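Novice: Per full-length UniProt numbering: the sequence shown ends with 191, consecutive numbering throughout.
Heads up, the beta-carbon is just placed ideally off N, CA and C, and yes, glycines get one too.
No experiment lies behind these values; they were computed from the predicted model shown.
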Amino acid sequence: MTTDTPFRILAVCTGNICRSPMVERLLRSSFDALAPGEFEVSSAGTGALVGREIDPQVAGFVRVFNGDTNNFAARQVEERILDGKDVVLTLTRDHRGQIIELMPSLLRRTFTLREFARLITPLDGDPSLSGPMRWRAILPKVVRARTVHPADPSGDDVVDPFRRDDSVYQQMVRELVPAVDALVDWERKHR
1 MTTDTPFRIL AVCTGNICRS PMVERLLRSS FDALAPGEFE VSSAGTGALV
51 GREIDPQVAG FVRVFNGDTN NFAARQVEER ILDGKDVVLT LTRDHRGQII
101 ELMPSLLRRT FTLREFARLI TPLDGDPSLS GPMRWRAILP KVVRARTVHP
151 ADPSGDDVVD PFRRDDSVYQ QMVRELVPAV DALVDWERKH R
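1. Mind pulling the beta strand (DSSP E) runs of 3 or more residues that sit fully within the stretch 103–154?
2. Between the stretch 119–136 and the stretch 41–48, are three or more C-beta pairs nearer than 8 Å?
3. Where do the ends of the alpha helix (DSSP H) carrying L49 lie?
4. Enumerate, from N- to C-terminal direction, the unbroken alpha helix (DSSP H) stretches of 4 or more residues contained entirely within the stretch 52–93.
5. Kindly list the residues whose CB is nearer than 6 Å to the CB of V41, restricted to its own chain and excluding five residues on each side of it in sequence; keep chain order.
6. As a quick exercise: from N71, E38, M22 and P127, pick the residue whose alpha carbon is nearest that of G51.
7. Tell me the rounded alpha-carbon separation between L82 and A73.
8. What does the alpha-carbon distance come out to for the pair K141 and R134?
9. So the beta strand (DSSP E) A11 belongs to, where does it begin and stop?
10. S128: which of I17, R191, L106 and A33 sits nearest, CA to CA?
11. I need the boundaries of the alpha helix (DSSP H) containing A33, first residue and last residue.
12. Starting from residue 204, follow the alpha helix (DSSP H) in both directions and report where the run begins and ends.
13. Does DSSP classify E40 as helix, strand or coil?
14. Please determine, among D156, C13 and A145, the residue with the shortest C-alpha to C-alpha distance to H95.
15. Roughly how many whole angstroms lie between the Cα atoms of residue 214 and P56?
16. With a 10 Å radius around its C-beta and 16 neighbouring C-beta atoms as the bar for buried, classify S20 as buried or exposed.
17. I need the DSSP call for D160, collapsed to helix, strand or coil.
18. Taking just the CA atoms, how far does D185 sit from G155?
19. How close, in whole Å, do the beta carbons of T110 and T90 come, if the pair is a contact with beta carbons under 8 Å?
20. To the nearest angstrom, report how far apart G67 and T147 are at their CA atoms.
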């Protein structure tokens with residue numbers, strides 16, 4: 001990869017209509033505003049409801065947080081989608097395991113969203129590097145932090161709200177948005 005190749009992030013959940021599209025659209029909107037062209041953010045599902053739009057309730061949250069819900073269609077995660085991704089951010093530990101089983105070479109580049117946010121936040125990035133190069137350079141440190149300072153993994157999952165009541169959608173937002181914000185804040189801090 002060249003220094004001008006965008007940093008490629010894939011968000012993964014189950015159906016690819018609730019959690020991962022929200023991560024995709026919020027990260028994309030924030031990174032595009034902060035560093036146009038430096039990041040490519042997409043999403044897929046381990047059991048995708050292929051072709052479906054973002055869940056209407058989640059779409060409302062995405063818009064509240066200034067994300068765009070247009071031109072979205074759920075897709076199934078597969079090797080060709082995983083190929084070339086710099087990091088895969090899953091919404092649960094089970095999803096992380098499924099990604100690593102599908103493509104073992106992603107072991108050191110697959111994290112849950114909340115885990116990645118927790119691990120990267122205290123690390124210092126190199127502001128002399130372009131955004132994509134800075135993120136690629138920090139990945140080995142994030143992996144080491146996961147190994148050296150393991151935390152209770154139960155807090156790494158984001159609840160699945162699909163076909164559940166409003167309180168679960170609210171819980172999803174409370175679990176997901178701070179992690180997305182942490183990644184955007186990390187980039188902003190190191191620019």
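Specialist: Result, derived from the coordinates:
1. 110–112
2. no
3. Note, L49: premise wrong, no alpha helix (DSSP H); not H, not E.
4. 56–64 and 79–82
5. I9, E24, L27 and R28
6. N71
7. 17 Å
8. 11 Å
9. F7 to C13
10. R191
11. R19 to L34
12. Since the first residue of the chain shown is 1 and the last is 191, residue 204 is not available in this structure.
13. It is a strand residue.
14. C13
15. Residue 214 lies beyond the stretch modelled for the chain, which goes from 1 to 191, so this question has no answer here.
16. buried
17. coil
18. 20 Å
19. 7 Å
20. 34 Å
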